[in-house]
Structures are given as C-alpha cells and as structure tokens.
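Residue numbers (the numbering used here), protein chains in the order written: chain A, 1230 to 1732; chain B, 1230 to 1732. Glycine is no exception: its CB is placed at the ideal position from the N, C-alpha and C atoms.
There are 2 protein chains.
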Amino acid sequence: MTPAPEEALPLLKERLATVADLDAASGVLSWDRQTYMPGGGVAGRAEQLATLNRLSHEMLTSGETARLLDAAGEPEPETDAEALVRLARREHDRAVKLPSSLVAEISRSTTLAEPAWQRARADSDYAVLAPHLEKILDLQREAAEHLGYEDHPYEALLDRYEPGARKARLEVMFDELKQGTAGMIRTVANHAGEDREAPLHGTFDERKQEEFGKVVASAFGYDWDRGRQDRAAHPFCINFGGSGDVRITTRFDPGWLSPALFATLHETGHALYEQGIDPTYSRTPISGGASLGVHESQSRLWENIVGRSRSFWTHFYPRLRKIFPDALGSTDLEAFHRAVNAARPSEIRVEADELTYNLHVALRFELEVALVEGSLSVADLPEAWNAKMEEHLGLTPKGDARGVLQDVHWAMGVFGYFPTYTIGTVLSVQLFDAALEAHPEIPGEMERGEFGTLLGWLRENVHRHGKKYEPDDLVERATGRPPEAGPYLRYLGDKFGELYGMP
Amino acid sequence: MTPAPEEALPLLKERLATVADLDAASGVLSWDRQTYMPGGGVAGRAEQLATLNRLSHEMLTSGETARLLDAAGEPEPETDAEALVRLARREHDRAVKLPSSLVAEISRSTTLAEPAWQRARADSDYAVLAPHLEKILDLQREAAEHLGYEDHPYEALLDRYEPGARKARLEVMFDELKQGTAGMIRTVANHAGEDREAPLHGTFDERKQEEFGKVVASAFGYDWDRGRQDRAAHPFCINFGGSGDVRITTRFDPGWLSPALFATLHETGHALYEQGIDPTYSRTPISGGASLGVHESQSRLWENIVGRSRSFWTHFYPRLRKIFPDALGSTDLEAFHRAVNAARPSEIRVEADELTYNLHVALRFELEVALVEGSLSVADLPEAWNAKMEEHLGLTPKGDARGVLQDVHWAMGVFGYFPTYTIGTVLSVQLFDAALEAHPEIPGEMERGEFGTLLGWLRENVHRHGKKYEPDDLVERATGRPPEAGPYLRYLGDKFGELYGMP
C-alpha cells in the first residue's frame, strides 16, 4: 500500500536522517584519519569507512526509500519539503546507478591510496602512487559508465560536484579567462626581476602564525564553539552533518608566511558557509553548500577579495607586524600589500596568485578529461603534466612532488572537482560586488577589522539556504544576474592594473 | 534453505565484521567527543551515535544473523571458529532481548548526560546531573528486565561486563577483602600524622609530566605507531576494532604528580592488552579483552604491581628526579617509594591507594545494587553516598564534586561495571605471581627498566587470546588455579607490612 504524501514525508525524512548520520560518522573518521590517526590504524579505518559508505549507499538506494520518494509526490514549490524531495530524489537516482560493491571498493582503495600519496609526495616518487591511481581511475571510469552522460564520460563525474555543469561550457569559460588575462600575465612577467614576495619569507614561529590566523578567523565571524582548527597534510574544511561542528585544518611553514595564512582564510570561508546554514536543515539533504562552485566562491571571497585587499591589511598589517617585528620591521603596508598580491607563473596551485590560479585549474581540467576518456594513461601522466605546465605557465616543475603529486584529489578518487575552483573564483567577485552594491560601507568596515555587514549579507543571501536552491538560481536570486566571468576579469584588471601599473 | 556450516561461517563472519566496523566507528566518534569535539557538536553527535548503535544492534539481532548462527552449528572445541560462534551467539542472544528503540534511547540520553556531568562536576552541582541520571537509571532498569536474571536485576547488568559473575559471590569477595585489610588499614591510620605524600605535591610542568609518562609507556612496550595519547576529562583507553589503533587519554595536574602519572601507567596497561591481541581476531567478536575484570587486571598490574614497586623506581626515580630537580631534589628513592605507596582513607577512587581502593568499589557496588533494585532513589543518592563514605572510610567528601560526581560511569549508563575493578585488582597479583614463578628474573629486569620478559609472558598467556577463552578458564590456563583473592591479600600484607612496619 502506498502511503499518502503527508505520511510518506516524515518517514522519508527519518531514513534520510539515518543516511546523514552515517555520512557524518564517515566525516569524523575521515577527519581523524587526516589529523590524529596513527599509522597502524590505516587498514582498519579503510574497512570502517567502506562499511559506513556501503550502509549509507544501501539505505539511500533501498526499495523502501524509492517507495517513500514516489509516495512523497511533488510538494509545493519553493518550500523546504520540495527541496528535500527534489534533492533526495537526485541523490537516490544517482546512487541507484552505482552498485554497492563499487562504492565500497572506491572507498577502500582511496583510503589506502591517501597514505601512499603522502609517501609519494614526501619522496617525490610517483611510482609509489601510480598503482593506486590506476585502480582509482578504473573505478571512476566504471562509475561514469554507471552514472551515464550525454556527450562525454567526464560530465558524469563533474555533475556530482557541480550539478548541471557541462564540459563545453567549461571550455568556453577557461578560454574566456585565458584570453582575458593573457595581456595582464605578460605585463606581470615583465616584472619578473622584482622580488615582491620577499617580505613573506623569513622566520615566522608556527605558534604565532597559528594565533594570528585564529584572530583573523574570529574577526571574520568563525564560531569556535562550533568548530576547531587542527593540522593536516592538506588543508580542508569538514562538517559533521550540520552547522554545529564545522572544522578546519591547515599546515605551517616556519619560513614562509603565506601558505598557512591564506589556507586558514580560505578554509574559514568554507566554514563560515557551513556554520551559516539554517540549523533546521541538519540531517537532511538540504544541509551543505549549494554546489562545490558556490562553496569555493565563499572560500575565495574571504581568502582573496577580503584577505588580499588593501582595506583588510590597513587594519591587520600593523597587528601582524607587531607579532613578527624582526621579519616585517622594514616592510611597510604598501610593500606588504604588493607582496601578498605578487603575481608570476609558479608550480604549486595552492600557492598561486589570483592571476595565474585559473591556469593551474585549466591544466588539471584538461588532464582529467584526457584520463577519463582514456586518451592519456596513468603511466604517462607525469610527462603530460610537465608538458602542460610548460604550455600554460612556461615552466617545468622541479620534481613530481612539486608537480603531479602536489594535490591529494586524484588519490581520493576525486575527478571532476577541480573546475569548481574556477567556477567559485569567478562567482566570488560576482557575489562580493552584489554585497558592495547593497552595502557600500563594507570596505570602510574592513579597514576597521569589521566584517559583520559582509557576513550578514552572505548569511542572508547565500549561507542560510544550504542546498535549497540550484546553484544558478541561488546566484541569480543573490545578484540579479546569471553566473558570469565578466566581473572577475574586471576585478583582476582593476587590481593588477594598479599594482603593476597597467592602463 | 539452511546453508551448510562451512557456507554459513564465512557469511556469519562478514555480518559480524560489519557490526565490528559500526562499533569501531562509534568508538572513534566517542573518542572525538571526549577529546576534541567543540561544544556545538553535542546534539549532532548524540544523533550519530544513536544511529550507529541502532544499526549495529539491528544487524546483530536480525533474522539473517540468527539463521546463520543456527546454520553454523557447533564447530570443533578449542578452535577460533568455536569461539566466534559461541561469542556471537551470546551477543546475539543478549541483543535480541533489547528493543532497538531502547538501545537508541540509551545512547542518546548518555551522550547528552556526559557534558551535563562535566558541568555538574565543575560546579559541584548534583542538580545538573540528577534529571539525566533519573532517565538513565530508568532505562537501565528497563534493560535489566529485558535481559532477564535469576536472583537480582543487578546481575543482568553485571553480566554484560563480567560474564558469569554473581552478586552473592561478589558480596563474599568484598567481605573477604574488607576483613583481610581491616587490620592493615587500622595500622596505616595510626600513621595519619605523617605526610608521606608530600614529595608528590609541588610544581610539575605538564609537558614534562607528559614526556615522562610517554617514556615509561614506551619502556613497558606501548607501540606508538598503533596508538596515541590525548587529554580528556576522564582518562580512558579505547581501541577501534582491533590491535592496530589503541589510544589512551589522561589529564594533568601541574601541582600534583600522581594523577596523570598513574593514570598513564593504568591506561597503558589496558592498551598493552589490546595491542597484544592476535590481529587475525580484528573485526570478529573474539577481539577485545576476555572480560572487564581481566582487562582491569592488566591495567592494575602495570599501574600498581610494577608502577609502585621499588624495582621499577630503582630505575626510573633517578630519571624522574633529573626532570624535576626543584620539586624532587630533597627526596631520595626510599622516600619517593613511600610516597607513591602512602595509604590513608580518601575521597577520590582514582587517587586511592591499593589498600583502601577496594572500599571505594564496595561502596559503589552497594549503591548500584540499591539503585537498580529501587531501594534507593536518585534524589537520595548524594546523601547515601556520603553516609557510605563515612561508614566505609570514615570521612565525608568536601562537596559532591569530590563525592558522588567524581566518576563518569553512571552518566554513561554504566551500572554493574565498578566490581570489575576489584575483580581485576585481585587477578592482577594472581597473574603476576604466575609470571614471576615462570621467570624469577623479572624483578631484576625491572630494576634495569626492562619489561620484555613480563610483557612476553602476558602476551603469550593472556593478551593474544582476546576473548577466545572464558575469564575463569583463561585465568586457570595462565596460573593453574581458579581466580582467588588470597594472593592479593598476601601481596598487600608483604608490601604494607614492610612500608608501615607491621609484623
């Protein structure tokens, strides 16, 4: 007997809450694996994560879930119930396409691959990772066939992170960005002789770096009673099923200020989004960011638009200088602002400037497409990586640790994710511009170390909604326009025009 | 169709492995809750743990598990298969008696009660904990009725931790201990004027305490690649489904050396047991200690028999003194040995000496029995606690924080657990004596800071077997005798006779 919609909905919510709890538990196990787990725990943890993922998948794909989804019908548009059913249906439909055994195998193989990636990167030895990557890529290609696609298997993987995104539209976007920045990058390259970044290198005590990062995160509005910061090989933000426990991680370099500082601002941006989601969405599919692109817009906004602005540093630079008087004593605000915005082609994506960053992403996008369609083999990947680096950025990495091994993503089975970084980067300016139009006082507040108006606008227009609206819809509601790259190119032009004396 | 035993057994093992993975995941979530989780995570974590416990319970009690248990038949005695089926059947039978909803409610209520206990203890305000305790006790009494018992509902709860233990036998054991120690305690009380413990109070930097504890744990044989130590409000040892990740926690008092030091040795003892279990038992019901009493025998053995012996301190005291030259400069080995063995009636169980410790346990045992049978109400518990303290130890705690609120157990829904502390204390000497009989060189090795022979004997005779043998059987195999209190009373007589000049 099919239950009535008003009976089906609470039952459906209960099942989805169980799925959410299992996924949150996986999150805790994964956080622990990347922060505190001793080496001896690897094998057991792989089994535990595989089991949790299998059970979550079985629960989501079960006949009972399908029956309740059918019975729930089509709730009133624009209601939370409508969003819940729509999102649950999408997750269910996607999940039924993947066999449980494949899901478990993906989980197990990636759990084993991650420590292999850490060893491979530490020794700059691609051969340690390669067999894992072979296996992981095979499983991803198998997943793409199960998930289905119209034009290209890559889109089946991409759609998991950015619903509705298309390979062709991304190619257009990357072309627009390449063309729009080519002139600026040429100008910047003419300044290659200047060592603008010098002030960021020196002796920076890790504990003091950590303290300063926490001061900034607190000023942005990060709530430490609903989060914490730990150390991990790769910085990340993770939430455990709601807005009540949203954690960030970072890593420190005692000789270089930028990596930990900007990673902290970046992950704080992600965390502010998660902490701002309506808590009534906890344990439902509406919890979490609208898409990874929208998520990345928040991390980029706080890291770059705020964290590399003159307004921000007008307030914070005197404080930073007081913490590191030896290293920064002879650097004034203008020199420091130039340093954190120094642009030049470089090897490492997470350390790249705003001007060249999207070329790093374009490279990964092109390689991923080739790996997934099979026109590039795992064995040939390091060579292909180095060739693309030469083509896009005019340089060859000094060893695979600073090349193909620099990111954890592929070892985690994450293909189709990288483009969301550029989607987010582009959206960050579009959203910030809209906030600025509504509240022209924002830059003045930033100069006083205040961010409440900016955060308030983001909370109201982006954060609180969680996944309720589709990404394009959310952006249009917030900014009055569909997603577009124009504002980002204008922002780059204004900023780097001034910094590098371009017309 | 009923499968043949040789087909049923692998299927049964697979299901039990899923149960073990869910329980291991609960373990990680519980460890995190007690070490690093921010306050905002409490509500979500309660839901997650309730869901994991419910799923584990459902899997263990399902018709499919019952069918496979029936089909598995009676494997060859003394084989791992026999132990697996026997233990799985016991867990299944016990679990089918508890409704899933009750299991989930117990999990949820205890997850909420624990932070309440922390607040209650911090403010010495029993009223903060009382409503939680009411709820938890009701659920435990309900559980006892479901589990069933012969003579007394308390035995239904006790049996979960110490299979086969009986209330009447415990009463006899506590009486034997009370009578056997009464004279010694009177003699010791005559020394009340001496401040033997003075050397343990002073200024002891927390980080240095932590380092010294780690040095000792390493010397005992704790494997840091399969474990770690963190801080928690209540010290504990936890393993995540096998011998590959066994963690300990402790807490530090910068003005008092004993609590962290002996808690570390104690939890290390538990951890050595878990790390020593045959790794092929991971993800099976044979993993883990034979009983909580046997587990406690290992913690007590390393904490007390080793960690308070003259042999141990002959090696380690000069090292400790070098670390804390200011605090310990004027204390020689004999004075320090007297200090760590100072005996006197006191308020806090975890800080009690070997002579009076079992009276603390007897008090809890008597109160638990009364609470469970309903002859004592939660409202009257603080008064009853204080009355028992007066009766057994001749003192009244200075506030509930140092009285009824000192232990987390009841807030965790753990009733029937305390007696295992005394069972373990008694067994620790019986097992140590057997090791000594086989290897008379052990005290000499301890004087050189070497523990390999002792650990080797425990590994061979106790640790590696996990739960394979029933507790009494294991003790008899290891020592040639059934469990008995005699050796423990002789040990106390020898030790305190010498320390306090008794005949």
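Counterpart residues of residue i in DSSP-defined beta bridges
i	result
residue 1475 (chain B)	B:1468
residue 1430 (chain B)	B:1485
residue 1452 (chain B)	Answer is none; residue 1452 (chain B) lacks a bridge partner.
residue 1458 (chain B)	B:1477
Nearest-angstrom Cβ-Cβ length linking residue i and residue j, presumed shorter than 8 Å
i	j	result
residue 1634 (chain A)	residue 1330 (chain A)	Contact doesn't hold; Cβ gap of about 30 Å is too wide.
residue 1386 (chain B)	residue 1369 (chain B)	6 Å
residue 1616 (chain A)	residue 1605 (chain A)	Not really, about 11 Å apart at Cβ, beyond 8 Å.
residue 1681 (chain A)	residue 1522 (chain A)	Going by Cβ atoms, the distance from residue 1681 (chain A) to residue 1522 (chain A) rounds to 26 Å, so no, they are not a contact pair.
residue 1601 (chain A)	residue 1382 (chain A)	5 Å
residue 1584 (chain B)	residue 1478 (chain B)	No, residue 1584 (chain B) and residue 1478 (chain B) are not in contact; Cβ-Cβ is about 27 Å, not under 8 Å.
residue 1639 (chain A)	residue 1365 (chain A)	7 Å
residue 1656 (chain B)	residue 1711 (chain B)	Wrong, their Cβ atoms sit about 11 Å apart, outside the cutoff.
residue 1333 (chain A)	residue 1283 (chain A)	5 Å
residue 1270 (chain A)	residue 1469 (chain B)	7 Å
residue 1254 (chain B)	residue 1258 (chain A)	6 Å
residue 1557 (chain A)	residue 1700 (chain A)	Between residue 1700 (chain A) and residue 1557 (chain A) the Cβ distance is about 40 Å, and since that is not below 8 Å, they are no contact.
residue 1377 (chain B)	residue 1326 (chain B)	7 Å
residue 1622 (chain A)	residue 1588 (chain A)	6 Å
Residue j beta carbon less than 8 Å from that of residue i
i	j	result
residue 1515 (chain B)	residue 1316 (chain B)	yes
residue 1651 (chain B)	residue 1598 (chain B)	no
residue 1697 (chain B)	residue 1397 (chain B)	no
residue 1249 (chain A)	residue 1512 (chain A)	yes
residue 1323 (chain A)	residue 1298 (chain A)	no
residue 1445 (chain A)	residue 1675 (chain A)	no
residue 1280 (chain B)	residue 1321 (chain B)	no
residue 1483 (chain B)	residue 1439 (chain B)	no
residue 1363 (chain A)	residue 1607 (chain A)	yes
residue 1649 (chain A)	residue 1525 (chain A)	yes
residue 1693 (chain A)	residue 1506 (chain A)	yes
residue 1610 (chain B)	residue 1576 (chain B)	no
residue 1399 (chain B)	residue 1433 (chain B)	no
residue 1555 (chain B)	residue 1571 (chain B)	no
residue 1695 (chain B)	residue 1456 (chain B)	no
residue 1306 (chain A)	residue 1314 (chain A)	no
residue 1310 (chain B)	residue 1240 (chain B)	no
residue 1630 (chain A)	residue 1350 (chain A)	yes
residue 1678 (chain A)	residue 1463 (chain A)	no
residue 1421 (chain A)	residue 1573 (chain A)	yes
residue 1261 (chain A)	residue 1452 (chain B)	no
residue 1733 (chain A)	residue 1508 (chain A)	A question about residue 1733 (chain A) goes unanswered here, because the residues of chain A that appear run from 1230 up to 1732.
Curious, which full-length alpha helix (DSSP H) runs of at least 4 residues does the region 1358-1414 of chain A contain? 1382-1387
| said: Ignoring anything shorter than 3 residues, give me the beta strand (DSSP E) runs that lie fully in the region 1486-1530 of chain A, in order along the chain. | reply: none
- If we count Cβ pairs, one from each stretch, closer than 8 Å, do we get three or more for the region 1560-1577 of chain B versus the region 1593-1612 of chain B? no
message = When you compare the region 1549-1560 of chain B with the region 1720-1730 of chain B, are there three or more beta-carbon pairs, one atom per stretch, that lie closer than 8 Å?
response = no
_Taking contact to mean 3 or more Cβ pairs, one atom from each stretch, closer than 8 Å, check whether the region 1530-1542 of chain A and the region 1707-1716 of chain A are in contact._
no
Threshold first: 4 residues or longer. Then list the alpha helix (DSSP H) segments lying entirely within the region 1658-1724 of chain A, N to C.
1671-1676, 1681-1690 and 1700-1708
Taking 8 Å as the cut-off, does the region 1269-1278 of chain B touch the region 1337-1344 of chain B (at least 3 CB pairs, one atom from each stretch)? yes
contact_flag[the region 1681-1696 of chain B, the region 1493-1510 of chain B] where n(CB pairs < 8 Å) is 3 or more: yes
Quick check: the region 1483-1500 of chain A against the region 1439-1458 of chain A, are there 3 or more CB pairs under 8 Å?
With the cut-off at 8 Å, the region 1483-1500 of chain A and the region 1439-1458 of chain A touch.
*Answer yes if the region 1261-1269 of chain B comes into contact with the region 1464-1477 of chain A, meaning at least three C-beta pairs across the two stretches below 8 Å, and no otherwise.*
yes
With a floor of 4 residues, list each alpha helix (DSSP H) that falls wholly inside the region 1557-1621 of chain B, ordered by position along the chain.
Qualifying alpha helix (DSSP H) stretches, in chain order: 1562-1569 and 1586-1602.
Alpha helix (DSSP H) runs wholly inside the region 1278-1364 of chain A, at least 4 long, in chain order
1292-1301, 1309-1325 and 1329-1352
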